[in-house]
Amino acid sequence: MKHLVYIIVILGLFLGGLNFSILAQEKQILTPDTPDEEIIHMNPQMVDPSQLPLDSIEDLNVTGTVQPIDLVTWRLHINGKAVTKELSLTYDDLLQMEMITKKSILICPGFFVDYAEWSGIPLQTFLKQAGVENYERIRVATGDGYSTSFTREDMEKNTIFLALKVNGVTLPPEHGFPVRIVADGIYGGQWVKWVDTIEIQ
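Just so we're aligned, residue 33 is where the sequence shown starts under our numbering, counting upward by one.
Below, the structure written as structure tokens:
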């Protein structure tokens with residue numbers, strides 16, 4: 033009987049691993065020949081864009097009205113009921129922090145797609161600095177009142193960071209200077225530009 037149970041357990045682990053392997057292969061590989069007209073209807077979580085050429089900054093799509101930013105007075109505010117230490121960071125503070133660089137695809141469903149290399153600071157870094165131990169969601173907002181939220185599950189499943197650079201250069205104003213959200217695997221509507229507040233709840 034013990035041997036039978038052992039065999040069942042091993043078989044279960046094998047099938048589970050096989051199922052995971054199959055799921056991992058379900059991402060559609062995008063090639064340079066894949067038309068944008070098809071990509072704009074795809075789920076960013078279900079595509080592998082690594083074979084695509086990077087779009088130039090000039091070719092990246094522009095949405096929203098550029099917000100005037102005065103770096104002398106501009107601050108990134110980290111607050112919310114889940115923080116033990118509120119933060120108010122200058123742009124120079126952010127430049128001194130450790131950054132990651134990642135090629136990510138932005139899909140605005142039904143409208144456009146961009147593929148670029150972004151550099152910035154993981155939101156997890158700010159959680160640590162603010163002494164966050166437990167939270168449910170993160171709200172990211174701009175000076176004009178626009179905001180979006182990420183759940184804890186979003187944070188654990190995706191690479192979400194605050195970008196300061198695109199394709200190796202400082203973010204242009206039309207693409208969110210001084211900082212914008214890059215949410216790898218999440219639709220472009222949540223890639224908020226001109227961020228000035230991160231509220232952790």
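Glycine included, each C-beta is placed from N, C-alpha and C at the ideal position.
All figures in this text were calculated on a predicted structure; none of them were measured in a lab.
Asked                                                                                                                                                                          : Found
Within the same chain, show all residues whose beta-carbon is closer than 8 Å to that of residue 72, passing over the 5 residues directly before and after it, in chain order. : 139, 140, 141, 142, 143, 144, 145
For residue 201, which of 231, 90, 161, 101 has the nearest alpha-carbon?                                                                                                      : 90
Of the choices 69, 120, 207, whose alpha-carbon is the least far from that of residue 148?                                                                                     : 207
Residue 104: buried (16+ other C-beta within 10 angstroms of its C-beta) or exposed?                                                                                           : exposed
Determine the contact status of residue 183 and residue 172, defining contact as a CB-CB distance below 8 Å.                                                                   : no
I need the straight-line Cα distance from residue 157 to residue 217, nearest angstrom please.                                                                                 : 19 Å
If residue 79 and residue 136 are in contact, beta carbons under 8 Å, what's the gap, nearest whole angstrom?                                                                  : In fact, because the Cβ distance is near 11 Å, the residues do not count as touching under 8 Å.
Three-state secondary structure (DSSP) at residue 134?                                                                                                                         : strand
Do residue 126 and residue 108 have their C-beta atoms closer together than 8 Å?                                                                                               : yes
Any idea what DSSP makes of residue 157, helix, strand or coil?                                                                                                                : helix
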